[in-house]
Ligand SMILES: Nc1nc2c(c(=O)[nH]1)N[C@H]1C(S)=C(S)[C@@H](COP(=O)(O)OP(=O)(O)OC[C@H]3O[C@@H](n4cnc5c(=O)[nH]c(N)nc54)[C@H](O)[C@@H]3O)O[C@H]1N2
Ligand SMILES: Nc1nc2c(c(=O)[nH]1)N[C@H]1C(S)=C(S)[C@@H](COP(=O)(O)OP(=O)(O)OC[C@H]3O[C@@H](n4cnc5c(=O)[nH]c(N)nc54)[C@H](O)[C@@H]3O)O[C@H]1N2
Ligand code: SF4
Ligand SMILES: [Mo]
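Residue numbers (the working numbering): 1 to 760.
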């Protein structure tokens, strides 16, 4: 079992020692795996300048945090299909005709064309989609350049995952807290299901906590592996998480199980909250969630009385019609039970002093307010946009020392569906240039057909990736990205966790691959603004950021595995909370001023359409892949070779389908092909659709996109108002009506796949 990361006042020294293992003929480097968002500390081993093995760290703090996705990277990154040279489109968009060009030629043309678009349509006509998780060494440089040029239209997958949670958490108590797994007495998983190969570090922490007696409560429509280990398992209806939390609050408030002294002194709006909660008697909650009222009450009591408890961040509540209310309800539970900023509860890490963080590099203050207010989607769905977070600028400065802290890069984003509408010519103004940096946007949001339509209408699309993804196939330029083996890195953990950790470069980049940081530096030059990136190279840039610690990056690497600020608890007693009132806002003044209900609420599912009587959700991550990536690695593909829709045995009988049969799953938007898996974890009348399926070996180009048109879940994900959280503009991915169509030759021909797919 791993030793926990030291947290808390007793954690000294600030800097952990470096432990090195020396084996003959092997060069080992200490790196952070960036193949998912976990950033596990690993050791790479190279022979003749090539990483041949990745294993877990020797440091006892980090040992045993590694999964197969990290271990397989030497194979994945040296795959023959990797894009190693800049490619320029020569045929029509999406025709998959390319010519190799030099970086110089590519960047000069990109700079000229982007400048012309900005000149003609304004800087807001330039949108960027990226993923901080695995786009590597950007460090906010992209935002910095966009802010100086004047474009607010930056989008990311973090709008559906953690970034938006950070923005919504801040409405209530001015920060995004992190659960203290190491000292907590009770862990609540709203759907979240960490496993040996999915977020292994969190999985290990939960196992360790349970081993020392902490309780586990799991809420999941499906009997997941976490549910099997839980003390209390609530098999709630898909998408009903917010209703469930109202039930918990009803019990906790009625039975007086909350922290009265904290509520009295530090919370605003408790009486209004109580009134709203009274609209949810347990019988109603039982009906909305499908769970036994006694079990709901038992879980609520366990959370409130066996604490300090934590509700770790979960993407499941990020992706629902009631997402803003669900995330707010989690915040409210944490607050009224007295779990904020206490040992074993929800820690407010704050920033690491002496280190310049990514938000400071981004320089949001230089983007004029007029341009901030043009951020797409901020009129209707403002919460994670500049407009939604504006009222927090003063409080952030007062409590945390900076006006713009872009926690988990999710606090100043444009709304992705609004950007795709603008790209597709649906207003309010045109977007004509779209840059995709380490991200696969065609498949990573809702309403994929509109995304494709928007991309087909662009004047300039630039993609930087390792592979010819479905998004890359629609680009003007595909630029080779480096991998985490090939670059140094400095992680500040998204201004969420007050750790700074170095990652050593393990080998030279293959071909002409460059980091995203280098890409942005070259773009600043191409736009005639080299002064925006004054650092010669990434090492000089890291030295600048670490100057306050009195160490160069190389010295930092040589001496440190993790540098952290010891956490002090209940800091709010000195500073207040970073909200407009300085208190925990159970009733949100920010939401109220933005024209929304200041209290959480629950919007029920619309009536099921007659033609689509089956519910589906997208999710349950695939062990061998990260999101849409990784399907090119044969060892991984052998484990999960096809996209499989899980359902129960009874549901399969009802629909007349059998295990391994290929079917189409359809709704009003589209139809995708899936293989049936009768899976004992599934409740009746629910279908699980995996996220992000395309097959690199299948035909490229518009109309096919290497199987994305055939399999990608994003085609069924809706963004119409009934399936959309209003405050944030988040699509509802947990409870979409659909149907199963059995395959006939006609179906197969209509999709043009009669040969490619075995038809049952
Ligand atoms: N429809 C739908 N949309 C979703 C989800 C869903 O379930 N359904 N899930 C959401 C969630 S939880 C998340 S986290 C996001 C994830 O969305 P993304 O963060 O975009 O993740 P990926 O799909 O893996 O795409 C990442 C791309 O970056 C490339 N890449 C990896 N490492 C590097 C690198 O070092 N440099 C460069 N240049 N490129 C690199 C990979 O090859 C891959 O093509 O998607 C969200 N979107
Ligand atoms: N191997 C691997 N690991 C990964 C990833 C990967 O792609 N591959 N992706 C990483 C990323 S970016 C993320 S965000 C995480 C996501 O990881 P998790 O948070 O574990 O999310 P999922 O695996 O999608 O689903 C978890 C559970 O949510 C349940 N669920 C579905 N709908 C609902 C609902 O409406 N309410 C509730 N309460 N539960 C529901 C599902 O049945 C499932 O058991 O995984 C990370 N880890
Ligand atoms: S969980 Fe796996 S893929 Fe993610 S950082 Fe750790 S080793 Fe890498
Ligand atoms: Mo995610």
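Glycine residues also receive a C-beta, built at the ideal position from the N, C-alpha and C atoms.
Task: Distance between residue 602 and residue 687 (C-alpha atoms, nearest Å) - done: Approximately 23 Å, taken between the alpha carbons.
TODO: To the nearest angstrom, report how far apart residue 705 and residue 443 are at their CA atoms.
DONE: Going from the Cα of residue 705 to the Cα of residue 443 covers about 10 Å.
Open item on the list: Quick check on DSSP: helix, strand or coil for residue 526?
Closed with: In the structure shown, residue 526 sits in a helix (DSSP, three-state: H, G or I).
Task: Span of the alpha helix (DSSP H) around residue 557 - done: Start and end: 553-559.
TODO: Kindly list the residues whose CB is nearer than 6 Å to the CB of residue 570, restricted to its own chain and excluding five residues on each side of it in sequence; keep chain order.
DONE: So the qualifying residues of the chain are 341.
Task: contact_flag[the stretch 293-310, the stretch 525-533] where n(CB pairs < 8 Å) is 3 or more - done: By the Cβ rule, the stretch 293-310 does not count as touching the stretch 525-533, because fewer than three pairs are nearer than 8 Å.
TODO: Give a single yes or no on whether residue 161 has its beta carbon closer than 6 Å to a heavy atom of ligand 4.
DONE: Residue 161 Cβ: within cutoff of ligand 4.
Task: Span separating the alpha-carbon of residue 110 from that of residue 129 - done: A straight line joining the alpha-carbon of residue 110 with that of residue 129 spans about 16 Å.
Task: Continuous beta strand (DSSP E) assignments of at least 3 residues falling wholly in the stretch 478-504 - done: Those beta strand (DSSP E) runs which fall completely within the stretch 478-504 and span 3+ residues are 489-491 and 499-503.
- [ ] Could you pull the start and end residues of the alpha helix (DSSP H) that residue 285 belongs to?
- [x] Note, residue 285: alpha helix (DSSP H), 282-289.
TODO: Pull up the distance between the alpha-carbon of residue 327 and that of residue 241, whole angstroms please.
DONE: Looking at the two C-alpha atoms, the distance is approximately 10 Å.
Open item on the list: Using DSSP's beta-bridge definition, name the partner residues of residue 664.
Closed with: DSSP lists 673 and 741 as partners of residue 664.
Open item on the list: For a test of your reading of the model: does the CB of residue 509 fall under 6 Å from any non-hydrogen atom of ligand 1? Yes or no.
Closed with: No, since every heavy atom of ligand 1 falls outside the 6 Å radius drawn around the Cβ of residue 509.
Task: Unbroken alpha helix (DSSP H) run spanning residue 109, endpoints - done: DSSP places residue 109 in the uninterrupted alpha helix (DSSP H) bounded by 103-121.
- [ ] Return yes when at least one heavy atom of ligand 4 lies under 6 Å from the C-beta of residue 315, else no.
- [x] The nearest non-hydrogen atom of ligand 4 is less than 6 Å from the C-beta of residue 315.
Open item on the list: So, with DSSP's three-state summary, where would you put residue 347?
Closed with: Residue 347 falls in the strand class under three-state DSSP.
- [ ] Could you tell me whether the stretch 278-294 touches the stretch 354-371, using the rule of 3 or more Cβ pairs below 8 Å?
- [x] No, they do not touch.
Task: Cutoff 7 Å; reference residue 259; Cβ partners in own chain excluding five residues on either side - done: Hits under 7 Å: 336, 337 and 338.
TODO: Run the proximity test for residue 437: is its beta-carbon closer than 6 Å to any non-hydrogen atom belonging to ligand 5?
DONE: Looking at this structure, you won't find ligand 5 anywhere; what it does contain is ligand 1, ligand 2, ligand 3 and ligand 4.
Open item on the list: Buried or exposed for residue 10, going by 16 or more other Cβ atoms inside 10 Å?
Closed with: With a pLDDT of 41 at residue 10, under the threshold of 50, the modelled position of this residue cannot be trusted; read the value that follows with caution. For residue 10, the number of other beta carbons within 10 angstroms of its own is below 16, and it is reported as exposed.
- [ ] Taking residue 714 as the reference, give the member of 613, 665, 205 and 66 with the closest Cα.
- [x] Comparing Cα-Cα distances from residue 714 to each of 613, 665, 205 and 66, the minimum goes to 665.
Task: Closer than 6 Å: residue 320 CB and nearest ligand 1 heavy atom - done: No, ligand 1 has no heavy atom inside 6 Å of this Cβ.
Task: In chain order, each beta strand (DSSP E) run of at least 3 residues that lies wholly inside the stretch 171-207 - done: Counting only runs of 3 or more residues that sit fully inside the stretch 171-207, the beta strand (DSSP E) segments are 186-190, in chain order.
Open item on the list: Could you compute how far the alpha carbon of residue 257 sits from the alpha carbon of residue 585?
Closed with: Those two C-alpha atoms are separated by around 19 Å.
Task: residue 70 Cβ short of 6 Å to ligand 3 heavy atom set - done: Yes, ligand 3 has a heavy atom inside 6 Å of this Cβ.
Task: residue 573 - DSSP class collapsed to helix/strand/coil - done: The answer is helix: DSSP assigns residue 573 an H, G or I state.
Task: Burial state of residue 69, where buried means 16 or more other Cβ atoms lie within 10 Å - done: Around the CB of residue 69, 16 or more other CB atoms lie within 10 Å, so the residue is classed as buried.
Open item on the list: Is any non-hydrogen atom of ligand 2 found closer than 6 Å to the C-beta of residue 260, if you look at the structure I gave you?
Closed with: No, since every heavy atom of ligand 2 falls outside the 6 Å radius drawn around the Cβ of residue 260.
Task: Straight-line Cα distance separating residue 697 from residue 249 - done: Cα to Cα, residue 249 sits roughly 51 Å from residue 697.
Open item on the list: Closest to residue 652 by C-alpha separation, out of 311, 680 and 333, would be which residue?
Closed with: Proximity to residue 652 across 311, 680 and 333 peaks at 680, based on C-alpha coordinates.
- [ ] Go through its chain and collect everything with a Cβ distance to residue 582's Cβ below 6 Å, but skip five positions before and after it.
- [x] For residue 582, where only same-chain residues beyond five positions count, the Cβ hits under 6 Å are 576.
TODO: Run through the stretch 381-443 for me and flag every whole beta strand (DSSP E) of 3 or more residues, listed as ranges in chain order.
DONE: Taking only runs of at least 3 residues, the beta strand (DSSP E) segments lying wholly in the stretch 381-443 are 433-437.
Open item on the list: For residue 385 and residue 24, I'd like the C-alpha separation in whole angstroms.
Closed with: Distance between the alpha carbons of residue 385 and residue 24: 53 Å.
TODO: To the nearest angstrom, report how far apart residue 193 and residue 236 are at their CA atoms.
DONE: So the alpha carbons of these two residues sit roughly 15 Å apart.
Open item on the list: Between the alpha carbons of residue 740 and residue 645, how many angstroms are there, rounded?
Closed with: C-alpha separation (whole angstroms): 10 Å.
- [ ] Tell whether a beta-carbon distance below 7 Å holds between residue 691 and residue 618.
- [x] Yes, Cβ-Cβ distance for residue 691 and residue 618 is below 7 Å.
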